[in-house]
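Scroll down for the structure; my scribbles are underneath it.
Numbering (our numbering), first residue to last: 164 to 297.
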């Protein structure tokens, strides 16, 4: 159909792992990973030149900015499909379920290649229901 258009929102790109890209969990260290997962911004994996790496709060902020832009672009009763990676999906689910950001990684499990559905009310842009189906 001609009324569907592919749009790319930069804010839905996966978490920028910065200096941790290509490293194993052992190389990063369990303590560093635990602190990162708990949203300790002092452990953000910024690259040596400062050009890459972000924390979960930074990721959350950019994901929600583009979520709002996406929702505003829809006509009443129009749907959208969003294709994203794990951490972006976690941010969207955390927002919809009002899960505190420091608990996001521990409390929200997203299966690989799964589908997550979130329905937003037009008036308030909050969730009505959420479901996970692998």
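Heads up, the beta-carbon is just placed ideally off N, CA and C, and yes, glycines get one too. Remember, predicted model here, so these are calculated numbers, not experimental data.
Taking every protein chain shown into account, the CB of residue 228 has fewer than 16 other CB atoms within 10 angstroms, so this residue is exposed. Secondary-structure assignment with DSSP links residue 252 through no beta bridge to anything.
The DSSP-derived three-state label of residue 172 is coil.
The region 205–212 makes no contact with the region 233–248; the number of CB pairs closer than 8 angstroms stays below 3. Assignment of beta strand (DSSP E) within the region 167–221, counting only whole runs of 3 or more residues, yields no such run.
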